[in-house]
Amino acid sequence: MALDELYPVPKEELEYTVGKAEKFFSLRNFFLIVDKILKCLENNVLKLFQKRALKVAEKWTLDHQLDTGDCAGIFPAMANTVLALYLLGYPLDSEPIQKGLAAIDRFQIMEGNTLRQQSCVSPVWDTAWVIYGLSTCGYTYQHPQVAKAMEWLFANQINIKGDWALKNPNTPPGGWAFQFHNDLNPDTDDTAVVLMALLSDNLKREDKRNEIRRAFYWLLTMQNLDGGWGAFERDNDYRIFNEIPFSESDNLIDPSTEDVTGRVLEAAGQMGMDKNHPQIAAAIEYLKRVQDPRGSWYGRWGVNHIYGTWSVLCGLASVGEDMRAPYVRKAVEWLKSIQNKDGGFGESCRSYVDESWIGKGNSCASQTAWALMALIAAGEADSESAKKAVEYLLSTQKEDGTWDEPEFTGTGFPQFFLIRYHMYRIYFPLLALARYVQALKEKE
Numbered sequence: 003m004a005l006d007e008l009y010p011v012p013k014e015e016l017e018y019t020v021g022k023a024e025k026f027f028s029l030r031n032f033f034l035i036v037d038k039i040l041k042c043l044e045n046n047v048l049k050l051f052q053k054r055a056l057k058v059a060e061k062w063t064l065d066h067q068l069d070t071g072d073c074a075g076i077f078p079a080m081a082n083t084v085l086a087l088y089l090l091g092y093p094l095d096s097e098p099i100q101k102g103l104a105a106i107d108r109f110q111i112m113e114g115n116t117l118r119q120q121s122c123v124s125p126v127w128d129t130a131w132v133i134y135g136l137s138t139c140g141y142t143y144q145h146p147q148v149a150k151a152m153e154w155l156f157a158n159q160i161n162i163k164g165d166w167a168l169k170n171p172n173t174p175p176g177g178w179a180f181q182f183h184n185d186l187n188p189d190t191d192d193t194a195v196v197l198m199a200l201l202s203d204n205l206k207r208e209d210k211r212n213e214i215r216r217a218f219y220w221l222l223t224m225q226n227l228d229g230g231w232g233a234f235e236r237d238n239d240y241r242i243f244n245e246i247p248f249s250e251s252d253n254l255i256d257p258s259t260e261d262v263t264g265r266v267l268e269a270a271g272q273m274g275m276d277k278n279h280p281q282i283a284a285a286i287e288y289l290k291r292v293q294d295p296r297g298s299w300y301g302r303w304g305v306n307h308i309y310g311t312w313s314v315l316c317g318l319a320s321v322g323e324d325m326r327a328p329y330v331r332k333a334v335e336w337l338k339s340i341q342n343k344d345g346g347f348g349e350s351c352r353s354y355v356d357e358s359w360i361g362k363g364n365s366c367a368s369q370t371a372w373a374l375m376a377l378i379a380a381g382e383a384d385s386e387s388a389k390k391a392v393e394y395l396l397s398t399q400k401e402d403g404t405w406d407e408p409e410f411t412g413t414g415f416p417q418f419f420l421i422r423y424h425m426y427r428i429y430f431p432l433l434a435l436a437r438y439v440q441a442l443k444e445k446e
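Take the sequence shown: its position 21, counting from 1, is numbered 23 in my numbering, and each next residue is one higher.
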């Protein structure tokens with residue numbers, strides 16, 4: 003079996019050495035020099051320390067592999083766990099490697115004679131957005147399918163402490179993870195979306211107030227010192243780690259991001275908090291500081307500035323920010339300026355490597371839905387731009403009620419790990435159109 007088609011250039015021409023930074027006096031070059039020195043010493047002076055370090059790393063790796071073989075619920079962690087254990091001398095038929103391979107196999111999709119390896123699955127994320135959309139359409143928790151989905155979400159609330167507790171030790175658990183088998187890594191984004199769904203008017207359950215409060219308290223305590231929220235940990239923002247040579251994707255840290263911060267604000271607004279609360283005020287100041295000169299916000303977990311701007315504007319509206327404020331209007335004008343001639347919105351994944359692509363791309367259902375929801379949040383539901391976006395969604399909807407969307411509009415690691423969510427093309431247009439109808443009714 004050959005995999006030559008996976009290489010963008012012939013593999014014999016690949017350069018595997020880590021390139022130096024252009025500036026000689028740089029952290030990257032410092033780490034490269036240190037790496038060479040350590041390699042010279044590791045078989046002599048540092049041999050004892052190396053063995054001890056490898057044992058500690060081995061124990062940590064095994065402790066983070068679940069009985070199911072999953073590790074962090076995502077392919078890179080699972081694959082690297084298997085590779086690391088194999089290099090440490092574990093045979094291929096050993097239990098940890100066999101469990102790891104089985105977990106990787108569960109992410110595979112077979113279609114005829116084609117096999118596709120998924121990077122991860124997103125059951126919590128998808129379920130929360132689906133029932134939020136259905137609730138916005140008028141479905142209540144008494145509907146059997148909605149009730150079943152809600153019970154599943156409550157059953158998957160995480161009740162054990164994970165790695166996040168290292169910097170947040172006094173907070174009880176209560177968040178949600180993105181996927182199956184990842185109890186050590188709940189994240190703020192999923193927790194916020196689950197709360198948004200469960201707090202929507204049609205889905206409120208008085209008998210679940212304790213679960214809601216516990217989740218929201220956990221979410222609030224994960225705020226970073228800069229006012230924003232990262233995804234998995236608190237104040238994990240030492241950018242020096244991204245200069246280490248093996249950090250090829252510059253993602254060894256988990257700093258505050260605009261999109262997650264916006265999502266937390268949206269959930270906080272539904273919990274009754276507003277812009278005058280100190281934590282909310284700090285988050286708004288963070289968002290003002292990191293706003294792009296264009297008026298948009300960067301999207302860490304979705305492509306790209308359309309996603310980030312949608313998340314932020316919905317969050318600001320939820321906590322009662324003045325949507326006529328100049329910085330908000332600047333974001334609205336940016337959105338209107340990038341609308342395609344067909345009425346839709348699109349942004350290419352290339353925008354992560356080439357800024358000239360920011361806000362540019364073929365129109366697609368999910369990104370049009372994000373832009374439409376951002377416009378609605380900013381009070382622009384009756385604008386010509388919103389009307390054209392709605393017309394685009396209606397004109398491209400298929401007979402079965404769905405939309406085609408070959409585009410990848412999600413990210414795991416920008417530039418390096420892009421995701422095509424199979425349900426984005428359905429539940430985001432559903433939610434956007436439902437919000438549009440609501441907004442027009444409120445204006446009557």
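Built from N, CA and C at the ideal position, the CB exists for glycine as well. Note that this is a predicted model, so its numbers are computed, not measured.
Check                                                                                                             : Outcome
For residue 219, the nearest candidate out of 203, 227, 254, 172 (CA to CA)                                       : 172
As assigned by DSSP and simplified to three states, the class of residue 259                                      : strand
Endpoints, the beta strand (DSSP E) within which residue 415 is located                                           : 412 to 415
CA-to-CA distance, residue 126 to residue 193, given in whole angstroms                                           : 9 Å
Cβ-Cβ distance between residue 63 and residue 86 below 8 Å                                                        : yes
Where residue 114 falls, given that 16 or more other Cβ within 10 Å makes a residue buried                        : exposed
Strand pairing of residue 118, partner residues [DSSP]                                                            : 111
Straight-line Cα distance separating residue 244 from residue 345                                                 : 39 Å
Residue 178 (DSSP reduced to helix, strand or coil)                                                               : strand
Rounded C-alpha distance that separates residue 4 from residue 89                                                 : 23 Å
Segment contact flag, the segment 303 to 312 with the segment 367 to 374, C-beta cutoff 8 Å, min 3 pairs          : yes
Residue 33, enclosing alpha helix (DSSP H) - first and last residue                                               : 29 to 43
Boundaries (first-last residue) of the beta strand (DSSP E) holding residue 419                                   : 419 to 421
C-beta contact flag for residue 321 and residue 375 at 8 Å                                                        : no
CB-CB length for residue 337 against residue 377, believed under 8 Å                                              : 6 Å
Which listed residue (170, 176, 146) has its alpha carbon closest to that of residue 157                          : 176
DSSP state of residue 297 mapped onto helix, strand, coil                                                         : coil
Nearest candidate by alpha-carbon position, reference residue 107, set 95, 122, 97, 93                            : 122
Residue closest to residue 267, alpha-carbon to alpha-carbon, out of 257, 289, 247, 441                           : 289
Proximity winner among 233, 280, 339, relative to residue 298 (alpha-carbon distances)                            : 339
Residue 78 versus residue 181 - alpha carbon distance                                                             : 14 Å
Minimum C-alpha distance to residue 419 - residue among 355, 32, 67, 348                                          : 355
Residue 307, buried or exposed, once every other Cβ within 10 Å from all chains shown has been counted against 16 : buried
7 Å CB neighbourhood of residue 256 in its chain, flanking five on each side removed                              : 232, 233, 234, 235, 238
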